[in-house]
Every structure is written in structure tokens, then in C-alpha cells.
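Everything in the sequence shown is counted per full-length UniProt numbering, starting at 1 for the first residue and increasing by one.
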Amino acid sequence: FFSPQGAKYRGSIHDFPDFDPGRDAEALYTAMKGFGGDKEAILELITSRSNKQRQEICQSYKSLYGKDLIADLKYELTGKFERLIVGLMRPLAYCDAKEIKDAISGIGTDEKCLIEILASRTNEQIHQLVAAYKDAYERDLEADIIGDTSGHFQKMLVVLLQGTREEDDVVSEDLVQQDVQDLYEAGELKWGTDEAQFVYILGNRSKQHLRLVFDEYLKTTGKPIEASIRGELSGDFEKLMLAVVKCIRSTPEYFAERLFKAMKGLGTRDNTLIRIMVSRSELDMLDIREIFRTKYEKSLYSMIKNDTSGEYKKALLKLCGGDDDAAGQFFPEAAQVAYQMWELSAVARVELKGTVRPANNFNPDADAKALRKAMKGLGTDEDTIIDIITHRSNAQRQQIRQIFKSHFGRDLMADLKSEISGDLARLILGLMMPPAHYDAKQLKKAMEGAGTDEKALIEILATRTNAEIRAICEAYKEDYHKSLEDALSSDTSGHFKRILISLATGNREEGGEDRDQAREDAQEIADRPSGDKTSLETRFMTILCTRSYPHLRRVFQEFVKMTNYDVEHTIKKEMSGDVRDVFVAIVQSVKNKPLFFADKLYKSMKGAGTDEKTLTRIMISRSEIDLLNIRREFIEKYDKSLHQAIE
1 FFSPQGAKYR GSIHDFPDFD PGRDAEALYT AMKGFGGDKE AILELITSRS
51 NKQRQEICQS YKSLYGKDLI ADLKYELTGK FERLIVGLMR PLAYCDAKEI
101 KDAISGIGTD EKCLIEILAS RTNEQIHQLV AAYKDAYERD LEADIIGDTS
151 GHFQKMLVVL LQGTREEDDV VSEDLVQQDV QDLYEAGELK WGTDEAQFVY
201 ILGNRSKQHL RLVFDEYLKT TGKPIEASIR GELSGDFEKL MLAVVKCIRS
251 TPEYFAERLF KAMKGLGTRD NTLIRIMVSR SELDMLDIRE IFRTKYEKSL
301 YSMIKNDTSG EYKKALLKLC GGDDDAAGQF FPEAAQVAYQ MWELSAVARV
351 ELKGTVRPAN NFNPDADAKA LRKAMKGLGT DEDTIIDIIT HRSNAQRQQI
401 RQIFKSHFGR DLMADLKSEI SGDLARLILG LMMPPAHYDA KQLKKAMEGA
451 GTDEKALIEI LATRTNAEIR AICEAYKEDY HKSLEDALSS DTSGHFKRIL
501 ISLATGNREE GGEDRDQARE DAQEIADRPS GDKTSLETRF MTILCTRSYP
551 HLRRVFQEFV KMTNYDVEHT IKKEMSGDVR DVFVAIVQSV KNKPLFFADK
601 LYKSMKGAGT DEKTLTRIMI SRSEIDLLNI RREFIEKYDK SLHQAIE
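Structure follows, in C-alpha cells:
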């Protein structure tokens, strides 16, 4: 079996050196005698033996005591800890078989469990699973799955159960092109979808081949295969196909993501956590840890530690193996992941779309009258106000303002202000302002009074385009009779001030990438004379604040090549405070701007209390630019829609 990193062992659990199954069996027997059992001893012993060794301990236990070790452990332990320890005692194939049996017996089916196991296992693992299922339950796995599922979801599961995915690494260019064409025609180009093509190609082709198919698909259609699957398929079938695609791109990344989702938010999905930690501990736990660290900026170890407790926690941490935050070091594999990420962001041609579009049959007269009526007399008809204003583009709202003044000799903004209040007022009045004036006002507010809202300054100045920045500068001067630059100067200081002023010039280069220059730029920010912090920040500033986005993507890619680190990681390690935050914002915005905003929205709503300011600011300012893309990134990353989060 050839693994991509050469044949290095990437598990976290190793054979125990001076292994003596008889001695271990006795130790376990003693630990379970007496009242309450010695859980600590059980967990120490079992998590420091390999699966093969645990099988031998079971044998010895039976010979010595005529009892079944697993049955005794089940009797002795309870809850999650029991599930985990018993899972470790079974061979992987039997563990999988048990999970699947539990997933399909009883009321309702645990589709997530079926998807996770069948999408991620290799041919050999699938064959062993089928055999183990037959051995343990004297039933046919395929028949049971057919009896419990239906439709295309069922067909794809059956295909995966055959364990016949091609395994050769030699890839035919022509076949790649053909598959891309077939997938494109089966989905995007067709009224209705030809699911059978998706099943056939994604279920049978080799991983190597499919990776090239996915790359080509993106180049040909301008969207990643995942986007097509989301658009064309639905329900469990869609979830299964997305899982298959993820595992083909990178199985460890698929598991890193499943682990993250199992622990974040309310409540921990312990079954998923146990299943993955047990099944990957002797396969690719080290790869999963690396990717986890790169993707979520914290170690798997620290997340398990904060999310679980007691013996259960201790055992999981033993399976995890080590804390990648301790040394803070990335390994070359993580660098490869980072490198590919930049490559993807460089080739993806994403079409940006807002969620608010100009209204058809727009009639500003009628709108002005309806708004006046909604505000006259006692009480305010807020529904009408909301309905009109959120369904018009900003340009249309400006026309309504003008007509309102011409008809009634009144200022619509002043009227709205006196009729509505609080968060709703901020939102509605914000929507009524031209974008540049709105941004100018947010910047002004961020600098007013005692203390400065650096987050708001960063969010606006680090993400706006040249044209947007220039418009903001004009609006600022017009509205506050002072230049934005002077305001920033008197309100911020040091490097942070210099970076913001540089961004506020709106002078970023507009061109494409220059490969040679990108190498030089990467060199410039990579080689840092030790201890010389000042010049490091200046060097970062001259490049991050002036180069074009496409060019910076290449710079950051070259940077990974030179240093084995993602540029974001280096910034976080070498810098601090506002300077660090503004550089990170620029990098994230270059990487994937809609995702940058999706993260900010998520943070504004998670936990107790909502940061209404940020929520309002982003929803208003992105509504006609890329809010649709932000929504897509949000659901992709957080497994729930922006709509649900707001609700």
C-alpha cells in the first residue's frame, strides 16, 4: 500500500516495545477487580498498545480467565469512555462493521455515519469491512444497506461497497477531458441532472485521475466540482458525493473537517469524535493533526482538551498523540496544503454576486408616497419601510430620497430617524446612504470619542478596492471637512498608522501577476535579520499594501515554498496587536474575500450576545457586491446557513 508521503507511518499509536500479552491481561484483570475499577490503569494500558497487540491481549485474557475481555470491559465501564475503549479493542474492520450495524438497525438511519465510513475507506478496507460484517452478524452488508436506503444515495453506496475503485497512478489526459465533459453535460448543461454519470465517474476512477478531473473541471467551467454537486444534487446523495470529493482531494482533510465540526458550537458529537479518533489512530492521525492546525489555527489536541473531560478526555488525547501548538511548528506536509490553497485561489474565477438587485418596474413616486404614508399619523408601519428599502438598489434609494424631498419638502433620512430607533434604525439609515458615504461614516465613528474601534478601520480599509477607497476619501472630505488621512493620522500611531494611511491612498497596483517579481517579493518578506522587527513590518507594508491581489497570491505561494510556512502563520508569530490584525486581514482578503466576511459574520453572532455593529456594517456594505458568495462560504464552513445564524 503506497501512501502519498512515501511509505512513512503516519499514525499516532505505535507497537508497545516490551510487549507481553499475558502480563497485560493480568494487569487488566486486576484493574477490573474490586469496587469501581481502576479506569486510569485501563486507559493507560489500552491506549499505549497497537490494535494488533490488543487482539493478542484478548486471546491471553480468554486463555487465562476463560472470560471475554470486551464483555468484561463493557460491564466495568460506562458511557462515552466505554464506547471509546471497546472501539479500540476491536480490529478496524469489525469496528466499522459495528458502527454501520448501529447506523442501520433501529428506527431511522444514521446516514452521516454511513457516508463517513464508505466515502473514506480504501478498497482493501472495504473488502475487510464486508467480510467482518458477515462474520460478526452472519448477514450480507450490501443487502442490509439496500434494505435501509433508497434512490441514487443507495446506488452510490452500493458502488462504493464493491471496493473496486481503480488504483493505478498512470493517468490518461484524454480520459480526464472526457470525464470533465461528461460531468459538465450531466449537470450544468442539462435540464435536470444525469445522476448516473456522477455515480459512475466519482465511484470508479482512481484518486489521482479524479484530482486532475477536478482541476480541469474548475478551469473549464469556472466553478469547483463541489459547487456543481451542490447545485445539481440534493439530500443524502448530495452529502455523500461531497464527502467522496473531499476524500479524493484529501482524506486527512476530510477527517480534520469532520472533527472540527464534531466539536465546535453547542454540544459535542461524541460518536463521530470516537469513531474518527479510533479509526485513524493507526492510519493518518499525524496528517489530520497538521491539516487541522493549518485550517483552524489551533491544534486538534487543544480543541479536544477544551471540549471533553475526565478519563474520556485523557484517552482521546493519548490517541491524538501530541499538541501541535506546543512547539508551534508546522511540518512540510502542512506547507504543501497551504501551497495548494494558494494555487486554488489563484486559478478560481469566482463570479461575485450581491443579494440586493435593482427592482424591476421601479416607481420612485409610488415608493416615496408609500414611505410617507407609513410614517404619518400615529405609530409607524415598519414592515412597509423594510419591504421597500431592502428591495431597492442603493441607486434607486437615492432617487427615492430626491423625490421625497421634491414632493413633500421633507428629508426622508430625518423622517426615518424620528420614526424608528435602535438597531433597525442603524440598518435602514445605513442602507439609505450611498456606499462611500456609509463607509466614511463608519470610519468617522470608529475614530470618534475615547478609544478607537481598530477592528472597523481594518475591516473597511483592508478590503475595499481602489475605486471604493477613492470614493470614500471624497465622501469623507465632503461630509466632515477634513481629509481621511488627517483623521487617521491624529487617531492612530506607529506602524499601524502608516499601514492605514498607505491603504487609504487607494493606490494598489491593478495588474496581473509577475512571477519573477513575486519571487523577489517573497524573498523580501521571508529573509528577516534576527531581532530587526521594524524593518520587517516596513517590508511587509511595502508589499502587502501596494501589490495587486493576483500578484500577492503568487507572492504568498512562493513564500510557502521558501519558508515552509503560510504567510498568515508568520505574521501571527512575528507581529502583534493592530499591525498583526491588519496584515492578517489583507492576507485573508487576498486569499478569499467572501470567506473573510463570512468569518467576521460568524464571530459577530457566536456565543452570548451579538455584535450588532459588525453584523449591520457587513450586511449593508456587501449586499450589492458579494453577499451571495459570503452566504456560500458561510454554509460551507459552518454547516449552517447565514439565514439560520441570523434568525
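The beta-carbon is built from N, C-alpha and C at its ideal position, and this holds for glycine as well.
Could you pull out every residue in the same chain whose Cβ sits closer than 6 Å to the Cβ of residue i, ignoring the five residues on either side in sequence?
i	result
F19	Q53
S299	R293, D323, D324, D325
Y638	Y602
R392	A359
Y296	F260
P4	Interpretation of P4 is limited by its pLDDT of 45, a score under 50 that renders its predicted location unreliable; the figure taken from the coordinates is listed afterwards. Here the set comprises nothing.
C473	L484
I469	G506
Y549	V590
Residues in its own chain within less than 7 Å of residue i by CB, not counting five upstream and five downstream?
i	result
S309	none
E226	L242, V245
V176	H209, L212, V213, E216
N394	P434, P435, E624
E636	none
K600	E459, T614, I618
So residue i is in the alpha helix (DSSP H); what residue range does that whole segment cover?
i	result
I586	577-605
P21	21-32
I276	270-280
Q162	Careful: Q162 lies outside any alpha helix (DSSP H) and carries neither H nor E.
E513	Element bounds for E513: n/a, residue is neither H nor E.
T384	382-390
V176	173-186
D135	123-137
N306	300-307
T563	549-563
L412	412-419
T610	Premise fails: T610 is in no alpha helix (DSSP H) and is neither H nor E.
P364	364-375
G310	310-320
N51	51-65
K120	At residue 120 the sequence reads Ser, which differs from the Lys that was named. Segment 111-120, the alpha helix (DSSP H) holding S120.
Grouping DSSP H, G and I as helix and E and B as strand, with all else coil, what is residue i?
i	result
S621	helix
P224	coil
K155	helix
I70	helix
G87	helix
I248	helix
P358	coil
D453	coil
G328	Because G328 carries a pLDDT of 49, less than 50, the predicted location of this residue cannot be relied on, and the following value inherits that uncertainty. The answer is coil: DSSP assigns G328 none of H, G, I, E or B.
A93	helix
K8	coil
P434	coil
R289	helix
H481	coil
V567	helix
T294	helix
K637	helix
I146	helix
What do you get for residue i, buried or exposed, if any count of 16 or more other CB atoms within 10 angstroms of its CB means buried?
i	result
W342	buried
residue 700	The shown model of the chain, from 1 to 647, leaves out residue 700, and the question about it has no answer.
G108	exposed
L615	buried
A450	exposed
H14	exposed
S407	Before going further, note that residue 407 is His rather than Ser in the sequence given. That one is exposed.
N306	exposed
T272	buried
T465	exposed
S30	In the sequence as presented, Ser is not what sits at residue 30; that position holds Thr. Looking at its Cβ environment, which holds fewer than 16 other Cβ atoms inside 10 Å, T30 is exposed.
At least one CB of chain C closer than 8 Å to the CB of residue i: is that the case?
i	result
K134	Given the protein chain composition of this structure (a single chain), no chain C is represented.
Short of 8 Å in beta carbon distance, which residues of its chain neighbour residue i, apart from the five on each side in sequence? Order them along the chain.
i	result
S206	R165, E166, E167, D168, D169, V171
E257	K246, K295
R90	I70, K98
G328	Its pLDDT being 49, under 50, G328 is placed unreliably by the model, and the measurement read from it follows with that caveat. Only K573 meet the Cβ criterion.
K67	Y61
Y339	Q557, V560, K561
V130	L141, E142, L161, G163
L183	Q197, F198, I201, V213, Y217, I225, S228
For the ligand SAM, I want to know if residue i counts as a neighbour, meaning its beta carbon is within less than 7 Å of at least one of the ligand's heavy atoms.
i	result
G151	By its list of ligands, the structure shown contains no ligand whatsoever, and the ligand SAM lies outside what it can speak to.
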